[in-house]
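Trainee:
2 protein chains.
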Amino acid sequence: MSTRKYEQRLRADAAEETRRRILAAVYQRLCQAPTEPVSIEQVAKMAGVSRSTVYLIFGSRAGLFDALGDDLRGRGGFNRAADAGPGTDARKDLFASIRASVPIFAEHREVLRVLYSMAQLDPDAVGGAVQRMAEARSAGMAWHAQRLAEQNELRPNVTVDEAAHLLWSLSGFETFDQLYTGRALPVDAVADLMVTIVERVVCA
Amino acid sequence: MSTRKYEQRLRADAAEETRRRILAAVYQRLCQAPTEPVSIEQVAKMAGVSRSTVYLIFGSRAGLFDALGDDLRGRGGFNRAADAGPGTDARKDLFASIRASVPIFAEHREVLRVLYSMAQLDPDAVGGAVQRMAEARSAGMAWHAQRLAEQNELRPNVTVDEAAHLLWSLSGFETFDQLYTGRALPVDAVADLMVTIVERVVCA
DNA sequence: TATTCACTAGACAGTGTGTCTCGCGAAGAG
DNA sequence: CTCTTCGCGAGACACACTGTCTAGTGAATA
Numbered sequence: 010m011s012t013r014k015y016e017q018r019l020r021a022d023a024a025e026e027t028r029r030r031i032l033a034a035v036y037q038r039l040c041q042a043p044t045e046p047v048s049i050e051q052v053a054k055m056a057g058v059s060r061s062t063v064y065l066i067f068g069s070r071a072g073l074f075d076a077l078g079d080d081l082r083g084r085g086g087f088n089r090a091a092d093a094g095p096g097t098d099a100r101k102d103l104f105a106s107i108r109a110s111v112p113i114f115a116e117h118r119e120v121l122r123v124l125y126s127m128a129q130l131d132p133d134a135v136g137g138a139v140q141r142m143a144e145a146r147s148a149g150m151a152w153h154a155q156r157l158a159e160q161n162e163l164r165p166n167v168t169v170d171e172a173a174h175l176l177w178s179l180s181g182f183e184t185f186d187q188l189y190t191g192r193a194l195p196v197d198a199v200a201d202l203m204v205t206i207v208e209r210v211v212c213a
Numbered sequence: 010m011s012t013r014k015y016e017q018r019l020r021a022d023a024a025e026e027t028r029r030r031i032l033a034a035v036y037q038r039l040c041q042a043p044t045e046p047v048s049i050e051q052v053a054k055m056a057g058v059s060r061s062t063v064y065l066i067f068g069s070r071a072g073l074f075d076a077l078g079d080d081l082r083g084r085g086g087f088n089r090a091a092d093a094g095p096g097t098d099a100r101k102d103l104f105a106s107i108r109a110s111v112p113i114f115a116e117h118r119e120v121l122r123v124l125y126s127m128a129q130l131d132p133d134a135v136g137g138a139v140q141r142m143a144e145a146r147s148a149g150m151a152w153h154a155q156r157l158a159e160q161n162e163l164r165p166n167v168t169v170d171e172a173a174h175l176l177w178s179l180s181g182f183e184t185f186d187q188l189y190t191g192r193a194l195p196v197d198a199v200a201d202l203m204v205t206i207v208e209r210v211v212c213a
């Protein structure tokens, strides 16, 4: 029972590859038929992988969706907005951040919709991915609110806390999707509306 | 094989009663554990009814939730707002309508949340109930938008169509729940915020 | 008294989940 | 070149839920 040292190269790479293939399969499956329930078997078949492999890698159905959420957060560039780097104008930065997020929402609309809805029905079913996204956005909006206040760009009678609540609610995926899917508006129209809403509600 | 005439009194009443008991059971079940999947067997047991009876009466799982949605629309008094009767002031009527809907949203929050989320994941799974509710509200908001325009209460540069889109998005259950559950705000605070949002975004 | 009808009880096939065991075959170590 | 390790496939198992169908039972009604 001697313990050998194992440094993985090709093997780990291959493993990473199958993991990626599975995530791609869920994503694709959700895009193709967002309204139909997803079975692990389907996903496995699409990824060219055994069903047990999915459980082996992700642990459970929930783990799979959790991983998908994280993958989306990283790959979709949900912090592209922050990447833009804070300028000097709080107001412009806020608007830029909203305008940056809208195309991302639109690109991954079907998948995000499913993830968010699943999280509403049963938070455990998607691991903590959605919650983590919400918390990150919450922190971001609190920061924007604070910054608006410092630059006296906040509407009178609006506290920083209120502004944070409002920014969070009005600039999120849910609001986007209400306008985009619920009212069938084009992406840029939605972006304009969302910026306008936020400006009128919280800005001086 | 003679066909007798049957005028139901007690029998029809009893049938109506079981139907009601089943709907009450789903409602209760959803309130108790909104995040756990609902099985027909559970519901049947809670209603003191056989599983097959549920299928007999509602046809399918979807039919059951569809009926629940309709029941809620009637019982919850989603048109209480309209019942108030249109006054002379479009603006006040709009705000009153929003203030009237918020407590209803809050009262049935868990059940509405589940219904809306299910409808997002699979519209067929809830019959057309949620869609019907959305359409009714859509018509109502279009009416409010029109009325605001007629009384010159619309913000400059906001078209009637835009106003309708915005009213629909900003005064719906989704927005309510973002603030109420997503940010853990008390009901009256949410009502205040929603009125404020709408006022600032669409009103002159 | 005869009939109709709401409802029960339970079997049945189908589909999904999650776990576990066995085994192959290729990457890696010596 | 041999032996180990480990990623992965194949498939069985128990369990839960859905939807359909059949054969009743008992109370309301004619």
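Quick mapping for you: the protein sequence lines, in order, are chains A and L.
Each step along the first sequence adds one to the number in the working numbering, with nothing skipped, and position 173 is 182.
Each step along the second sequence adds one to the number in the working numbering, with nothing skipped, and position 198 is 207.
Think of the CB as a built atom: it goes at the ideal place given N, C-alpha and C, for glycine as much as any other residue.
#1: Is the beta carbon of VAL135 of chain L closer than 8 Å to that of LEU121 of chain L?
#2: Can a CB atom of chain A be found closer than 8 Å to the CB of GLU144 of chain L?
#3: CB ILE49 of chain L to CB VAL207 of chain L, shorter than 8 Å?
#4: What separation, rounded to the nearest whole angstrom, lies between the Cα atoms of ALA172 of chain L and LEU103 of chain A?
#5: Residues bridged to GLY137 of chain A by DSSP?
#6: What's the call for SER61 of chain A, buried or exposed, on a 16-neighbour Cβ count within 10 Å?
#7: Going along chain A, which residues have a C-beta under 8 Å from GLY191 of chain L?
#8: Near ALA71 of chain A, what residues of its chain come up, given a Cβ to Cβ distance below 7 Å and the 5 sequence neighbours on each side ignored?
#9: Taking 8 Å as the threshold, find out whether the segment 151 to 166 of chain L comes into contact with the segment 186 to 196 of chain L through three or more Cβ pairs.
#10: Comparing C-alpha positions only, which one of L:ALA200, L:GLU45, L:PHE182 and L:VAL63 sits nearest to ARG29 of chain L?
#11: Give a yes or no on contact between the segment 166 to 180 of chain L and the segment 71 to 82 of chain L, applying the rule of three or more CB pairs nearer than 8 Å.
#12: Taking only the alpha-carbon atoms, compute the straight-line gap between SER11 of chain A and ARG20 of chain A and give it to the nearest angstrom.
#13: Quick one, which of L:ALA200, L:THR27, L:CYS40 and L:LEU179 has its alpha-carbon nearest ARG210 of chain L's?
#14: Would you mind reading off the limits of the alpha helix (DSSP H) that contains GLU116 of chain L?
#15: With DSSP as the reference, please indicate the residues paired to LEU163 of chain L in a beta bridge.
#16: Do GLY83 of chain A and ALA138 of chain A have their CB atoms nearer than 8 Å?
#17: Using a C-beta cutoff of 8 Å, does SER69 of chain A count as contacting chain L?
#18: Interface residues of chain L around SER126 of chain A at Cβ under 7 Å?
#19: Give the single residue among L:VAL35, L:VAL52 and L:ASP201 whose Cα lies nearest to the Cα of ASP80 of chain L.
#20: Between the segment 139 to 154 of chain A and the segment 196 to 203 of chain A, do at least 3 Cβ pairs fall closer than 8 Å?
#21: The alpha helix (DSSP H) spanning GLU50 of chain A covers which residue range?
#22: Is it true that the CB of GLN187 of chain L sits closer than 8 Å to the CB of GLU183 of chain A?
#23: Closer than 7 Å by beta-carbon distance: list the chain L residues that pair up with THR168 of chain A, in chain order.
#24: Just to confirm my understanding: we take ALA213 of chain A, look at its own chain, exclude 5 residues before and 5 after, and list those with CB closer than 8 Å. What are they?
#25: Give a yes or no on whether the minimum CB-CB distance between MET10 of chain A and chain L is below 8 Å.
#26: Using a C-beta cutoff of 8 Å, does GLN140 of chain A count as contacting chain L?
#27: Does the Cβ of LEU130 of chain A have 16 or more other Cβ atoms within 10 Å, making it buried, or fewer, making it exposed?
#28: Do you know offhand how far LEU39 of chain L's Cα is from GLN51 of chain L's?
#29: Report the residue from A:THR27, A:HIS117 and A:ALA109 whose alpha carbon sits nearest the alpha carbon of PHE67 of chain A.
#30: Write down the C-beta distance between PRO43 of chain A and GLU119 of chain A rounded to the nearest angstrom, noting that I regard them as a contact closer than 8 Å.
#31: Quick one: which chain L residues come within Cβ less than 8 Å of GLU119 of chain A?
#32: Within 10 angstroms of the Cβ of ARG18 of chain L, are there 16 or more other Cβ atoms? Answer buried if so, exposed if not.
#33: Just checking: is the beta-carbon of ILE107 of chain A within a distance shorter than 8 Å of some beta-carbon in chain L?
#34: Taking any Cβ of chain A, which residues in the segment 191 to 209 of chain L have a Cβ under 8 Å from it, in chain order?
#35: Between which residues of its own chain and GLY96 of chain A is the CB-CB distance below 6 Å, once the five residues before and five after are set aside?
Mentor: This is what the structure holds:
#1: no
#2: no
#3: no
#4: 23 Å
#5: A:VAL135
#6: By the Cβ-count criterion, SER61 of chain A is exposed, with fewer than 16 other Cβ atoms from all chains shown falling within 10 Å of its own Cβ.
#7: Chain A residues near GLY191 of chain L: ALA143, TRP177 and SER178.
#8: ASP133, ALA134, VAL135 and GLY136
#9: The answer is no - the segment 186 to 196 of chain L does not touch the segment 151 to 166 of chain L, with fewer than three Cβ pairs under 8 Å.
#10: L:VAL63
#11: no
#12: Confidence in SER11 of chain A is poor, its pLDDT being 45 and thus under 50, which makes the residue's placement too unreliable to answer from.
#13: Looking at the sequence itself, residue 210 of chain L is Val, so the reference to Arg does not match. The option with the nearest alpha carbon to VAL210 of chain L is L:LEU179.
#14: 99 to 116
#15: L:CYS212
#16: no
#17: no
#18: SER126, GLN129 and LEU130
#19: L:VAL35
#20: no
#21: 49 to 56
#22: A Cβ-Cβ contact shorter than 8 Å links GLU183 of chain A with GLN187 of chain L.
#23: Those within 7 Å of THR168 of chain A in chain L number zero; the least Cβ separation is about 12 Å.
#24: ASN161, GLU162, LEU163, ARG164 and PRO165
#25: Because the pLDDT of MET10 of chain A is 40, which lies under 50, any placement of that residue in the model is unreliable, and the question is left without a value.
#26: no
#27: Using a 10 angstroms sphere on the CB of LEU130 of chain A, the tally of other CB atoms reaches 16 or more, which defines it as buried.
#28: Going from the Cα of LEU39 of chain L to the Cα of GLN51 of chain L covers about 11 Å.
#29: A:THR27
#30: 4 Å
#31: Residues of chain L passing the Cβ test: none, with the nearest at roughly 11 Å.
#32: exposed
#33: no
#34: Of all residues in the segment 191 to 209 of chain L, GLY191, ARG192, LEU194, LEU202, THR205, ILE206 and ARG209 have a Cβ within less than 8 Å of some Cβ in chain A.
#35: ASP102
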